[in-house]
Amino acid sequence: MTLWEGRLGRQTAEEVMAYTASLGFDRRLAVHDLIGSRAHVRGLARSGLLAEEEAAILLAALDRVEAELASGDFVFQPGDEDIHTAVERRVTEIAGDVGAKLHTGRSRNDQVATDLRLYCRQALGEVAQAVVALMGVLAERAAEAGDAYLPGYTHLQRAQPVLLAHHLLAHAWAFDRDLERLVQTVDRLNVSPLGAGALAGSSLPLDPDGVAAELGFAGRFANSLDAVADRDFVAEALFDLALLGIHLSRLGEELVLWSSEEFGFAVLADEYATGSSMLPQKKNPDVAELARGKAGRLVGHLAGFLTTLKGLPLAYNRDLQEDKEPLFDAVDQTLLGLRAATGMLDSVAFQTSRMQQAADGPAAAAVDLAEWLVQRGMPFRQAHGVVGGLVRDSLERGVPLAELVQAHPALGAEALELLEPGVAVSRRSTPGGAGPGPVAAQLERFRERLALD
Ligand code: ARG
1 MTLWEGRLGR
11 QTAEEVMAYT
21 ASLGFDRRLA
31 VHDLIGSRAH
41 VRGLARSGLL
51 AEEEAAILLA
61 ALDRVEAELA
71 SGDFVFQPGD
81 EDIHTAVERR
91 VTEIAGDVGA
101 KLHTGRSRND
111 QVATDLRLYC
121 RQALGEVAQA
131 VVALMGVLAE
141 RAAEAGDAYL
151 PGYTHLQRAQ
161 PVLLAHHLLA
171 HAWAFDRDLE
181 RLVQTVDRLN
191 VSPLGAGALA
201 GSSLPLDPDG
211 VAAELGFAGR
221 FANSLDAVAD
231 RDFVAEALFD
241 LALLGIHLSR
251 LGEELVLWSS
261 EEFGFAVLAD
271 EYATGSSMLP
281 QKKNPDVAEL
291 ARGKAGRLVG
301 HLAGFLTTLK
311 GLPLAYNRDL
321 QEDKEPLFDA
331 VDQTLLGLRA
341 ATGMLDSVAF
351 QTSRMQQAAD
361 GPAAAAVDLA
371 EWLVQRGMPF
381 RQAHGVVGGL
391 VRDSLERGVP
401 LAELVQAHPA
411 LGAEALELLE
421 PGVAVSRRST
431 PGGAGPGPVA
441 AQLERFRERL
451 ALD
């Protein structure tokens with residue numbers, strides 16, 4: 001039996017139900033649907049559309065539905081097209097005639113938009129918590145890294161040494177922006193669509209403001225058409241999660257590189273690595289690889305859903321039902337990925353002597369030599385040429401750079417100190433730079449930021 005049997009005389013064809021039903025995935029909105037229905041019932045009571053006793057009967061029925069869903073006793077019926085119809089059907093079975101009043105002044109169009117906003121608010125909050133946990137681990141590992149350093153890369157070519165703490169915090173700041181975005185998305189989506197009805201509001205004296213307040217929304221919709229057509233919040237959530245996934249993928253890629261024998265900068269804990277079914281020696285960074293891999297899927301969800309929205313006329317269209325699966329999957333995958341990555345980073349052993357060895361190559365201090373000349377009055381472009389020439393000479397003739405520096409009239413023995421291990425990184429003293437002074441300040445600033453979350 002369907003909700004629209006008054007209008008359509010015959011049963012919906014089985015294959016239509018199979019194609020159009022969303023219960024399989026929207027049943028996870030059950031708790032939000034019940035919260036929304038309770039607020040709706042109270043609103044109807046306030047407006048005099050339900051007598052107090054009727055409201056009490058409906059609220060008791062909603063409680064029972066909640067208990068049945070929680071215990072697994074709720075039996076879904078073949079005609080339950082989505083979670084909203086399933087709940088209304090069961091409320092009517094339990095409450096009898098009063099059940100027929102539950103949907104007064106409401107449409108599934110404003111109902112589903114409400115449910116999904118409530119879901120997003122909660123789910124993005126959970127993701128934000130998981131981001132904070134990851135940021136916390138990055139901050140801890142950065143603090144613990146002390147003055148350890150590694151090569152900083154551009155074009156994946158060794159460029160200048162940077163503190164390991166600086167490198168870890170670089171990722172952490174990206175997650176901080178993700179966090180900020182999630183919070184802003186929740187702020188923006190925190191608007192109640194209930195009372196918009198199917199698209200145009202109602203002739204009944206509903207109380208959308210009261211219902212919005214009861215649901216913890218900052219306010220109600222301004223325009224009923226927009227209220228049921230708007231899925232910007234889903235697109236925004238998908239974008240936030242896609243970019244977060246991309247940040248995880250960039251971190252993942254580095255862990256893949258770092259844990260390779262070629263780099264040897266990191267050894268993953270056994271619990272956060274996997275083995276090979278054939279090659280006995282293998283220890284594989286699958287978490288880091290999947291962080292990379294799943295970013296593709298998250299980007300796909302965003303692109304797919306934007307394409308669904310594109311060109312849709314106002315107001316509600318059934319196409320909008322396609323919002324849920326990508327959203328749910330993006331949230332699930334992001335939470336799983338964040339938790340696994342947090343554990344992986346918490347337990348990875350950084351091979352700092354190997355990192356430092358790689359960063360101590362003679363050319364690591366090339367720009368320091370040039371800047372040393374600048375401080376003694378040579379224009380930078382000229383200094384760049386001098387040092388570049390020495391590096392080339394050193395490579396071509398196989399003469400150690402130190403020897404050439406010592407012999408150079410503008411450099412000499414005094415400049416040799418710059419080539420000592422660990423000296424170059426210690427000279428990055430500008431604000432936000434990669435040396436010990438600014439990194440300590442940066443870590444402090446990051447911790448203050450974390451304490452706010
Ligand atoms: N399952 C539908 C969705 O997710 C609920 C709204 C359906 N409304 C309608 N008029 N068919 O969008």
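Numbered per full-length UniProt numbering, the sequence shown spans residues 1 to 453. In this text, a Cβ means the ideal position worked out from N, Cα and C, and glycines have one as well.
When we look at the beta-carbon of residue i and count the other beta-carbons within 10 Å, is it buried (16 or more) or exposed?
i           : result
residue 310 : exposed
residue 307 : exposed
residue 135 : buried
residue 282 : exposed
residue 33  : buried
residue 436 : buried
residue 167 : buried
residue 105 : buried
residue 185 : buried
residue 379 : exposed
residue 144 : exposed
residue 454 : This structure cannot settle anything about residue 454, because the visible part of the chain is limited to 1 through 453.
residue 154 : exposed
residue 372 : buried
residue 77  : exposed
residue 7   : exposed
residue 151 : buried
residue 430 : exposed
residue 197 : buried
residue 451 : exposed
Could you check where the alpha helix (DSSP H) with residue i kicks off and where it finishes?
i           : result
residue 337 : 324-347
residue 357 : 352-359
residue 438 : 436-452
residue 136 : 108-145
residue 84  : 83-95
residue 222 : Counting along the chain, residue 222 falls outside any alpha helix (DSSP H), and DSSP gives it neither H nor E.
residue 316 : No alpha helix (DSSP H) holds residue 316; DSSP gives it neither H nor E.
residue 69  : 52-71
residue 210 : 208-214
residue 37  : 30-46
residue 75  : Taken as a continuous stretch (DSSP letters only), residue 75 belongs to no alpha helix (DSSP H), as it is neither H nor E.
residue 23  : 23-26
residue 14  : 14-20
How is the beta strand (DSSP E) around residue i delimited, first residue to last?
i           : result
residue 151 : 149-154
residue 163 : 157-163
What is the rounded straight-line gap between the Cα of residue i and the Cα of residue j?
i           : j           : result
residue 381 : residue 348 : 42 Å
residue 285 : residue 358 : 22 Å
residue 334 : residue 447 : 24 Å
residue 455 : residue 355 : Given a span of 1 to 453 for the chain in the structure shown, any question on residue 455 remains unanswerable.
residue 399 : residue 368 : 20 Å
residue 216 : residue 193 : 12 Å
residue 99  : residue 37  : 12 Å
residue 325 : residue 20  : 14 Å
residue 146 : residue 258 : 19 Å
residue 92  : residue 331 : 33 Å
residue 233 : residue 103 : 25 Å
residue 443 : residue 305 : 38 Å
residue 422 : residue 415 : 15 Å
residue 138 : residue 83  : 40 Å
residue 396 : residue 406 : 18 Å
residue 420 : residue 360 : 8 Å
residue 343 : residue 171 : 16 Å
residue 224 : residue 302 : 25 Å
residue 267 : residue 340 : 16 Å
residue 319 : residue 22  : 12 Å
residue 73  : residue 90  : 12 Å
residue 50  : residue 70  : 27 Å
residue 300 : residue 66  : 34 Å
residue 238 : residue 248 : 15 Å
residue 240 : residue 297 : 14 Å
residue 336 : residue 130 : 9 Å
residue 183 : residue 274 : 35 Å
residue 312 : residue 200 : 18 Å
Runs of alpha helix (DSSP H) wholly within the segment 254-314 (minimum 4 residues, chain order): 286-309
Length at least 4, wholly inside the UniProt domain "Argininosuccinate lyase C-terminal" (364-422): the alpha helix (DSSP H) runs in chain order: 366-375, 380-397 and 401-407
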